[in-house]
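Chemist: Numbering-wise (full-length UniProt numbering), the sequence shown opens with residue 1 and increments by one.
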Amino acid sequence: MFARATTIHAHPSFLDEGITHVRSVVMPTLADQDGCAGMSMLVDRDAGRCIITSSWLDEDTLRGSEDSAQQLCDRAREIFHATAEITRWEIAAARRDHRSRRHAGVRVTWLRTDPARCERMIDTYKLALMPEMADLDGFCSTTLLVDRPSGRAVSSISFDDRAAMVASRSGEQAIWAKAVNDAGAEVLEVAEFDLAIAHLNVPEMV
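#1: On the three-pair Cβ rule with 8 angstroms, is the segment 17–28 touching the segment 61–77?
#2: Beta-carbon separation of residue 175 and residue 132 under 8 angstroms?
#3: By DSSP, does residue 38 sit in helix, in strand, or in coil?
#4: Where do the N-terminal and C-terminal ends of the beta strand (DSSP E) with residue 194 fall, by residue?
#5: Give the secondary structure of residue 47 by DSSP, where H, G and I count as helix, E and B as strand, and everything else as coil.
#6: Among 92, 8 and 110, which one has its Cα closest to the Cα of residue 57?
#7: Could you please give me the residues that DSSP links to residue 156 through a beta bridge?
#8: On a CA-only basis, which of 51, 143 and 117 is nearest residue 180? Give me that one, please.
#9: I believe residue 97 touches residue 139 by the beta-carbon criterion, under 8 angstroms. Please report the beta-carbon distance rounded to the nearest angstrom.
#10: Got a sec, what are the start and stop residues for the beta strand (DSSP E) residue 93 sits in?
#11: Give me the Cα-Cα distance between residue 164 and residue 177, rounded to the nearest whole angstrom.
#12: Provide the residue span of the beta strand (DSSP E) that contains residue 2, from first to last.
#13: Would you tell me roughly how many angstroms separate the C-alpha atoms of residue 142 and residue 32, rounded to the nearest one?
#14: Using 10 angstroms around the beta-carbon of residue 172, count the other beta-carbons present and answer buried if the total reaches 16, otherwise exposed.
#15: Taking a contact to mean a Cβ-Cβ separation below 8 angstroms, would you say residue 65 touches residue 3 in this structure?
#16: Is it true that the CB of residue 151 sits closer than 8 angstroms to the CB of residue 112?
#17: For the alpha helix (DSSP H) containing residue 166, name the first residue and the last one.
#18: Within 10 Å of its beta-carbon, does residue 86 have 16 or more other beta-carbons around it, so buried, or fewer, so exposed?
#19: Here's the rule: buried if 16 or more other CB atoms are within 10 angstroms of the residue's CB, otherwise exposed. What is residue 72?
#20: Would you report the Cα separation of residue 191 and residue 82, rounded to the nearest angstrom?
#21: Spell out the partners DSSP gives residue 56 in its beta bridges.
#22: Taking the continuous alpha helix (DSSP H) assigned at residue 233, which residues delimit it?
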(Lines of atoms letter the chains of each structure in order from A and count residues from 1; the text may use other names and numbers.)
(Lines give C-alpha, C1' and ligand atoms only; values in the text may rest on other atoms or scores of the structure.)
Protein backbone atom coordinates (compact mmCIF):
# COMPACT_ATOMS: atom_id res chain seq x y z
CA MET A 1 0.00 0.00 0.00
CA PHE A 2 0.97 3.64 -0.42
CA ALA A 3 0.19 6.94 1.27
CA ARG A 4 0.05 10.64 0.54
CA ALA A 5 0.71 13.02 3.43
CA THR A 6 -0.17 16.70 3.33
CA THR A 7 1.53 18.73 6.06
CA ILE A 8 -0.21 22.01 6.79
CA HIS A 9 1.29 24.86 8.79
CA ALA A 10 -1.82 26.82 9.76
CA HIS A 11 -2.68 29.91 11.72
CA PRO A 12 -3.91 28.46 15.05
CA SER A 13 -7.08 30.55 15.01
CA PHE A 14 -8.23 28.77 11.82
CA LEU A 15 -7.61 25.19 12.99
CA ASP A 16 -11.18 24.35 13.98
CA GLU A 17 -12.57 25.68 10.70
CA GLY A 18 -9.95 23.69 8.82
CA ILE A 19 -10.60 20.47 10.71
CA THR A 20 -14.32 20.79 9.99
CA HIS A 21 -13.53 21.28 6.29
CA VAL A 22 -11.32 18.19 6.20
CA ARG A 23 -13.96 16.08 7.95
CA SER A 24 -16.93 17.31 5.89
CA VAL A 25 -15.35 17.85 2.45
CA VAL A 26 -11.92 16.24 2.08
CA MET A 27 -12.71 12.88 3.69
CA PRO A 28 -15.89 12.12 1.68
CA THR A 29 -14.21 13.31 -1.52
CA LEU A 30 -11.31 10.90 -0.97
CA ALA A 31 -13.68 8.07 -0.01
CA ASP A 32 -15.28 8.29 -3.47
CA GLN A 33 -11.95 7.90 -5.29
CA ASP A 34 -10.87 4.58 -6.75
CA GLY A 35 -8.24 2.86 -4.63
CA CYS A 36 -8.45 5.11 -1.57
CA ALA A 37 -8.55 2.97 1.58
CA GLY A 38 -8.92 5.71 4.19
CA MET A 39 -7.63 8.89 5.79
CA SER A 40 -6.30 10.20 9.09
CA MET A 41 -5.59 13.66 10.46
CA LEU A 42 -3.11 14.65 13.15
CA VAL A 43 -3.21 18.06 14.83
CA ASP A 44 -0.69 19.97 16.93
CA ARG A 45 -2.72 22.94 18.14
CA ASP A 46 0.21 24.73 19.77
CA ALA A 47 2.28 24.75 16.58
CA GLY A 48 -0.64 24.96 14.13
CA ARG A 49 0.69 21.92 12.31
CA CYS A 50 -1.63 19.30 10.81
CA ILE A 51 -0.79 16.13 8.89
CA ILE A 52 -3.52 14.71 6.65
CA THR A 53 -2.63 11.22 5.38
CA SER A 54 -4.59 9.19 2.84
CA SER A 55 -3.90 5.49 2.20
CA TRP A 56 -4.04 3.89 -1.26
CA LEU A 57 -4.22 0.28 -2.40
CA ASP A 58 -1.32 0.62 -4.86
CA GLU A 59 0.99 3.16 -6.45
CA ASP A 60 -1.11 3.45 -9.62
CA THR A 61 -4.20 4.65 -7.75
CA LEU A 62 -2.06 7.01 -5.70
CA ARG A 63 -0.60 8.57 -8.83
CA GLY A 64 -3.98 8.63 -10.54
CA SER A 65 -5.40 10.82 -7.80
CA GLU A 66 -2.73 13.53 -8.02
CA ASP A 67 -4.86 16.20 -9.73
CA SER A 68 -7.70 15.83 -7.26
CA ALA A 69 -5.27 15.81 -4.33
CA GLN A 70 -3.70 19.05 -5.49
CA GLN A 71 -7.10 20.72 -5.74
CA LEU A 72 -8.03 19.54 -2.25
CA CYS A 73 -4.68 20.76 -0.94
CA ASP A 74 -5.10 24.19 -2.53
CA ARG A 75 -8.56 24.62 -1.01
CA ALA A 76 -7.40 23.40 2.40
CA ARG A 77 -4.54 25.88 2.27
CA GLU A 78 -7.08 28.67 1.84
CA ILE A 79 -9.34 27.44 4.66
CA PHE A 80 -6.45 27.00 7.10
CA HIS A 81 -4.68 30.23 5.99
CA ALA A 82 -1.66 27.99 5.70
CA THR A 83 1.30 26.72 3.76
CA ALA A 84 1.22 23.07 2.72
CA GLU A 85 3.61 20.37 1.56
CA ILE A 86 2.71 17.04 -0.07
CA THR A 87 4.86 13.92 0.31
CA ARG A 88 4.32 10.37 -0.98
CA TRP A 89 5.25 7.17 0.79
CA GLU A 90 5.21 3.40 0.65
CA ILE A 91 3.51 1.84 3.69
CA ALA A 92 6.22 -0.60 4.77
CA ALA A 93 4.95 -1.84 8.13
CA ALA A 94 1.84 -1.65 10.29
CA ARG A 95 0.70 -3.23 13.54
CA ARG A 96 -2.53 -2.68 15.44
CA ASP A 97 -3.42 -3.80 18.94
CA HIS A 98 -6.80 -2.06 18.77
CA ARG A 99 -8.31 0.82 16.86
CA SER A 100 -7.32 4.32 17.87
CA ARG A 101 -10.08 6.53 19.11
CA ARG A 102 -10.59 10.16 18.27
CA HIS A 103 -8.34 12.38 20.42
CA ALA A 104 -5.80 9.61 20.89
CA GLY A 105 -2.20 10.74 21.19
CA VAL A 106 0.20 10.10 18.30
CA ARG A 107 3.97 10.46 18.38
CA VAL A 108 5.60 10.89 14.97
CA THR A 109 9.30 10.27 14.32
CA TRP A 110 11.04 11.30 11.10
CA LEU A 111 14.08 9.23 10.11
CA ARG A 112 16.77 9.05 7.48
CA THR A 113 19.18 6.33 6.44
CA ASP A 114 21.37 5.50 3.48
CA PRO A 115 19.01 4.30 0.72
CA ALA A 116 21.06 1.10 0.50
CA ARG A 117 20.12 0.40 4.14
CA CYS A 118 16.42 1.04 3.76
CA GLU A 119 15.47 -2.64 3.81
CA ARG A 120 17.53 -3.12 6.94
CA MET A 121 15.70 -0.23 8.59
CA ILE A 122 12.32 -1.77 7.70
CA ASP A 123 13.35 -5.18 9.05
CA THR A 124 14.61 -3.63 12.29
CA TYR A 125 11.33 -1.79 12.68
CA LYS A 126 9.25 -4.91 12.12
CA LEU A 127 11.31 -7.42 14.08
CA ALA A 128 12.72 -5.35 16.95
CA LEU A 129 10.91 -2.08 17.38
CA MET A 130 7.25 -2.98 16.82
CA PRO A 131 7.10 -5.81 19.41
CA GLU A 132 8.64 -3.56 22.06
CA MET A 133 6.37 -0.64 21.21
CA ALA A 134 3.35 -2.94 21.54
CA ASP A 135 4.29 -3.56 25.18
CA LEU A 136 4.03 0.13 26.10
CA ASP A 137 0.99 0.98 28.22
CA GLY A 138 -1.83 2.41 26.14
CA PHE A 139 -0.35 1.33 22.80
CA CYS A 140 -2.90 1.30 19.96
CA SER A 141 -1.01 0.96 16.67
CA THR A 142 2.05 1.88 14.68
CA THR A 143 2.92 2.40 11.02
CA LEU A 144 6.15 2.96 9.12
CA LEU A 145 6.14 4.92 5.87
CA VAL A 146 9.26 4.92 3.69
CA ASP A 147 10.63 6.59 0.58
CA ARG A 148 13.21 4.09 -0.59
CA PRO A 149 15.06 6.28 -3.14
CA SER A 150 15.85 8.95 -0.53
CA GLY A 151 16.17 6.71 2.53
CA ARG A 152 13.61 8.82 4.37
CA ALA A 153 11.00 7.31 6.68
CA VAL A 154 8.35 8.39 9.14
CA SER A 155 6.98 6.34 12.02
CA SER A 156 3.73 7.04 13.84
CA ILE A 157 2.76 5.40 17.12
CA SER A 158 -0.70 5.99 18.56
CA PHE A 159 -1.77 5.68 22.18
CA ASP A 160 -5.17 5.55 23.86
CA ASP A 161 -4.91 9.17 24.98
CA ARG A 162 -2.44 12.00 25.46
CA ALA A 163 -1.68 10.92 29.03
CA ALA A 164 -0.55 7.48 27.85
CA MET A 165 1.54 9.07 25.10
CA VAL A 166 3.28 11.39 27.57
CA ALA A 167 3.90 8.52 30.01
CA SER A 168 5.57 6.50 27.24
CA ARG A 169 8.19 9.10 26.33
CA SER A 170 11.16 7.67 28.20
CA GLY A 171 10.33 4.08 27.30
CA GLU A 172 9.93 4.85 23.63
CA GLN A 173 13.09 6.93 23.58
CA ALA A 174 15.08 3.97 24.90
CA ILE A 175 13.57 1.66 22.27
CA TRP A 176 14.41 4.10 19.49
CA ALA A 177 17.99 4.60 20.70
CA LYS A 178 18.77 0.93 20.19
CA ALA A 179 16.73 0.56 17.01
CA VAL A 180 18.31 3.44 15.10
CA ASN A 181 21.76 2.17 16.02
CA ASP A 182 20.91 -1.32 14.76
CA ALA A 183 19.36 0.07 11.58
CA GLY A 184 22.06 2.63 10.86
CA ALA A 185 19.43 5.38 10.82
CA GLU A 186 19.26 8.95 12.11
CA VAL A 187 16.31 10.54 13.91
CA LEU A 188 15.55 13.92 12.34
CA GLU A 189 12.56 15.07 14.39
CA VAL A 190 10.02 13.86 16.95
CA ALA A 191 6.63 15.53 17.42
CA GLU A 192 3.41 14.78 19.28
CA PHE A 193 -0.11 15.24 17.95
CA ASP A 194 -3.76 14.72 18.77
CA LEU A 195 -5.62 12.35 16.47
CA ALA A 196 -8.52 14.33 14.99
CA ILE A 197 -9.62 11.78 12.35
CA ALA A 198 -8.89 8.05 12.61
CA HIS A 199 -9.84 6.24 9.41
CA LEU A 200 -6.54 5.34 7.71
CA ASN A 201 -7.64 1.67 7.44
CA VAL A 202 -4.23 0.07 6.88
CA PRO A 203 -4.11 -3.72 7.46
CA GLU A 204 -1.43 -5.27 9.63
CA MET A 205 1.91 -5.66 7.81
CA VAL A 206 4.38 -7.37 10.13
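Each residue gets a CB set at the ideal place from its N, CA and C atoms; glycine is no exception.
Modeler: Reading it off the structure:
#1: yes
#2: Stepping through the sequence shown from its first residue, residue 175 is reached at position 175. Stepping through the sequence shown from its first residue, residue 132 is reached at position 132. Contact: yes.
#3: In the sequence shown, the residue the question calls residue 38 occupies position 38. Strand at residue 38.
#4: One-based indexing of the sequence shown puts residue 194 at position 194. Counting along the chain, the beta strand (DSSP E) containing residue 194 begins and ends at 185–199.
#5: Start at 1 with the first residue of the sequence shown, and residue 47 comes out as number 47. Residue 47 falls in the coil class under three-state DSSP.
#6: Working through the sequence shown from its first residue, we reach residue 57 at position 57. It is 92.
#7: As a working mapping, residue 156 is identified with position 156 in the sequence shown. Paired residues: 108 and 143.
#8: Walking along the sequence shown from the start, residue 180 turns up at place 180. Comparing Cα positions, the closest option is 117.
#9: For the purposes of this step, residue 97 is identified with residue 97 of the sequence shown, where counting begins at 1. For the purposes of this step, residue 139 is identified with residue 139 of the sequence shown, where counting begins at 1. Indeed, because the Cβ distance is near 6 angstroms, the residues count as touching under 8 angstroms.
#10: Counting from one through the sequence shown, the residue named residue 93 turns up at place 93. Taken as a continuous stretch (DSSP letters only), the beta strand (DSSP E) holding residue 93 covers 83–96.
#11: Locating residue 164 in the sequence shown gives position 164, where the first residue counts as 1. Locating residue 177 in the sequence shown gives position 177, where the first residue counts as 1. If you take the alpha carbons of residue 164 and residue 177, they lie about 20 angstroms apart.
#12: As a first step, residue 2 is located in the sequence shown; it is residue number 2 there, counting from the start. Counting along the chain, the beta strand (DSSP E) containing residue 2 begins and ends at 2–9.
#13: By one-based count along the sequence shown, residue 142 stands at place 142. By one-based count along the sequence shown, residue 32 stands at place 32. Approximately 26 angstroms between the Cα atoms of the pair.
#14: Translated into the one-based positions of the sequence shown, residue 172 becomes position 172. Burial call: buried.
#15: The sequence position of residue 65 within the sequence shown is 65, counting from 1. The sequence position of residue 3 within the sequence shown is 3, counting from 1. No.
#16: What you label residue 112 is simply residue 112 of the sequence shown in a count that begins at 1. What you label residue 151 is simply residue 151 of the sequence shown in a count that begins at 1. Cβ distance < 8 angstroms, so residue 112 and residue 151 count as in contact.
#17: Locating residue 166 in the sequence shown gives position 166, counting from the first residue. That run of the alpha helix (DSSP H) goes 162–167.
#18: Here the question's residue 86 lines up with position 86 in the sequence shown. Label assigned to residue 86: exposed.
#19: Here the question's residue 72 lines up with position 72 in the sequence shown. So residue 72 counts as buried.
#20: As a working mapping, residue 191 is identified with position 191 in the sequence shown. As a working mapping, residue 82 is identified with position 82 in the sequence shown. One C-alpha to the other measures close to 19 angstroms.
#21: Sequence index remark: in the sequence shown, residue 56 carries index 56 (1-based). Answer by DSSP bridge pairing, in chain order: 2 and 36.
#22: For the chain, the structure presents residues 1 to 206; residue 233 sits outside this window and is missing.
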